[in-house]
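Single-structure report; data block below.
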Amino acid sequence: MDRLSIVLTLMTGAVLTGSLTVAAFSLGYYGWPAVIFAAVVGFIASWPVAYLISRWIKRSDPAWTDRKPQQSRIVPDPDAPEV
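Counting from 1, position 83 in the sequence shown corresponds to residue 83 in the UniProt record's numbering; the numbering is continuous, with no gaps.
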């Protein structure tokens, strides 16, 4: 998981849960079991959907580089510029 997918999890969970609740109400299921079912499915599906959206955003972003970070050293490189 990356940081973008963690942020997207909150939004996708709300959208999925709300959409499933509206779909259940429009199909005529007015009751707590339909709302609880929509909430559980939205909660479970929010993590993988957020991860897929995060991958899609990063794949279509031309400024994103998928490079690996350099290994951190205990002693900094003496030839590196000072910050």
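Glycine included, every Cβ here is placed at the ideal spot set by N, Cα and C.
In this text the structure is predicted, and so the values were computed from the model without any measurement.
According to DSSP, is Trp64 helix, strand or coil?
In the structure shown, Trp64 falls within a coil segment according to DSSP collapsed to helix, strand and coil.
Expected contact under 8 Å - CB spacing of Thr9 and Ala39 to nearest Å
Between Ala39 and Thr9 the Cβ distance is about 15 Å, and since that is not below 8 Å, they are no contact.
Going by the CB atoms, is the gap between Ser5 and Ser54 shorter than 8 Å?
When the beta-carbon positions are compared, Ser54 and Ser5 come within less than 8 Å of each other.
Looking only at C-alpha atoms, which of Ile74, Glu82 and Gly42 sits nearest to Ala19?
Before going further, note that residue 19 is Ser rather than Ala in the sequence given. Comparing alpha-carbon positions, the option among Ile74, Glu82 and Gly42 lying closest to Ser19 turns out to be Gly42.
The alpha helix (DSSP H) that contains Val7, what's its start and end?
Element bounds for Val7: Arg3 to Ser26.
Using alpha carbons as the reference points, say which of Ile57, Ile36, Ala45 and Ser46 lies closest to Thr21.
When each option's Cα is compared against that of Thr21, the closest is Ile36.
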